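Step one of this worksheet: look at the structure below.
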Amino acid sequence: EGTWIRSREDVMETAEVVGVSSDKNVAKLTLLNVEDRPGVAAKVFEELAAEGISIRLIIQSASSEDRARITFIVDEEYVDAATEVFRRWKEEELASDVLVDRDVAKISIVGSRIASTPNLAARMFVALARENINIDCISSSEMKVACVIASKHLNKAVQVVHDEFFALELKADG
1 EGTWIRSRED VMETAEVVGV SSDKNVAKLT LLNVEDRPGV AAKVFEELAA
51 EGISIRLIIQ SASSEDRARI TFIVDEEYVD AATEVFRRWK EEELASDVLV
101 DRDVAKISIV GSRIASTPNL AARMFVALAR ENINIDCISS SEMKVACVIA
151 SKHLNKAVQV VHDEFFALEL KADG
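So for the sequence shown, full-length UniProt numbering puts the first residue at 1; every next one is plus one.
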């Protein structure tokens, strides 16, 4: 667990993965059949914020028949508080149901210009696929690509992603 970071003066100039991080203390929450109208996402995340629930990753599916699906990742410690908020939303018919999955983990590659360099994310995905590790959710920013996977695969995932980006470098240094 944790992040490996290498020091380099020019790391922000070139696209480069400088570390692999992981977190198994997360849960995936999915709101089903959420109304697809202006203000719903604002209400959802404003109420979660009011409860002190930090969101790590958000994915909203495309609308179908004016309903959507919102999936987000939270620290495991917030699941019970979030579930109480969901109960209210279900009563208000904001969402038809919620799915809670505590058997997930997050693995990320961290570096510079990650999102603007297509082969970096692709290499991560290929490394996971070679080990038959399914990616459940993906999030990216300029400095990180994060994948949510089944927690039972986390150790293997960290190993293969680390090897994908650092194995040759370690051999060259050794």
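Even for Gly, the Cβ is constructed at its ideal location relative to N, Cα and C.
Since the model is a prediction, treat every value here as computed from it, not as a measurement.
With the cut-off set at 8 angstroms, would you say Leu-57 and Ser-139 are in Cβ contact? By one-based count along the sequence shown, residue 57 stands at place 57. By one-based count along the sequence shown, residue 139 stands at place 139. With contacts defined by Cβ atoms closer than 8 angstroms, Leu-57 and Ser-139 form a contacting pair.
Near Val-110, what residues of its chain come up, given a Cβ to Cβ distance below 8 angstroms and the 5 sequence neighbours on each side ignored? Within the sequence shown, numbered from 1, the residue matching residue 110 stands at position 110. Counting only Cβ-Cβ distances below 8 angstroms, and skipping sequence neighbours, we find Thr-3, Ile-5, Val-17, Val-18, Gly-19, Val-20, Ser-21, Met-143, Lys-144.
Run of the alpha helix (DSSP H) containing Arg-130, from where it starts to where it stops: By one-based count along the sequence shown, residue 130 stands at place 130. First-last of the alpha helix (DSSP H) with Arg-130: 118-130.
Are Ile-133 and Lys-106 close, meaning C-beta to C-beta below 8 angstroms? To locate residue 133, count along the sequence shown from 1; it is residue 133. To locate residue 106, count along the sequence shown from 1; it is residue 106. No, they are not a contact pair.
Let me confirm a value: Glu-46 is counted as buried when at least 16 other C-beta atoms fall within 10 Å, else exposed. Which label applies? What you label residue 46 is simply residue 46 of the sequence shown in a count that begins at 1. Exposed.
Just to confirm my understanding: we take Ala-127, look at its own chain, exclude 5 residues before and 5 after, and list those with CB closer than 7 angstroms. What are they? On the sequence shown, position 127 is the one that residue 127 refers to. Excluding positions up to five away in sequence, the list reads Val-160, Val-161, Glu-164.
Taking all protein chains shown into account, do 16 or more other C-beta atoms lie within 10 angstroms of the C-beta of Lys-28, making it buried, or fewer, making it exposed? Translated into the one-based positions of the sequence shown, residue 28 becomes position 28. It counts as buried.
For Glu-51, which residues of its own chain have a beta-carbon under 7 angstroms away from its beta-carbon, when the five flanking residues on both sides are left out? Here residue 51 refers to the residue found at position 51 when the sequence shown is read from its first residue. For Glu-51, where only same-chain residues beyond five positions count, the Cβ hits under 7 angstroms are Ala-81, Val-85.
Cβ neighbour criterion (16 or more within 10 Å) applied to Thr-71: Taking the first residue of the sequence shown as position 1, residue 71 is located at position 71. Under this definition Thr-71 is a buried residue.
Nearest residue (CA-CA) to Arg-69, options Asp-97, Ala-121, Glu-77: Taking the first residue of the sequence shown as 1, we reach residue 69 at position 69. Of the candidates Asp-97, Ala-121, Glu-77, the one whose C-alpha sits nearest the C-alpha of Arg-69 is Asp-97.
Tell me whether Arg-113 sits in a helix, a strand or coil according to DSSP, three-state version. As a working mapping, residue 113 is identified with position 113 in the sequence shown. Of the three classes helix, strand and coil, the one that applies to Arg-113 here is coil, per DSSP.
Using the C-alpha atoms, what's the distance from Asn-119 back to Leu-31? The sequence position of residue 31 within the sequence shown is 31, counting from 1. The sequence position of residue 119 within the sequence shown is 119, counting from 1. So the alpha carbons of these two residues sit roughly 32 angstroms apart.
Can you give me the Cβ contacts of Ala-150 inside the same chain, cut-off strictly under 8 angstroms, excluding the 5 residues immediately before and after it? As a first step, residue 150 must be located in the sequence shown, where it is residue number 150. Within the same chain, and ignoring the five residues on either side of Ala-150 in sequence, the residues whose Cβ sits closer than 8 angstroms to its Cβ are Asp-103, Val-104, Ala-105, Ile-133, Asn-134, Asp-136.
If I'm right that Glu-35 touches Arg-67 with Cβ under 8 angstroms, what's the distance once you round it to whole angstroms? Position 35 of the sequence shown holds residue 35. Position 67 of the sequence shown holds residue 67. So it is a contact: roughly 7 angstroms between Cβ atoms.
Output the distance between the C-alpha atoms of Phe-125 and Cys-147, rounded to the nearest integer angstrom. Taking the sequence shown and counting its residues from 1, one reaches residue 125 at position 125. Taking the sequence shown and counting its residues from 1, one reaches residue 147 at position 147. Phe-125 and Cys-147 have their C-alpha atoms roughly 9 angstroms apart.
How far does the alpha helix (DSSP H) with Lys-43 in it reach, from first residue to last? Reading the sequence shown from its first residue, position 43 is the one you call residue 43. Lys-43 -> alpha helix (DSSP H) spans 40-50.
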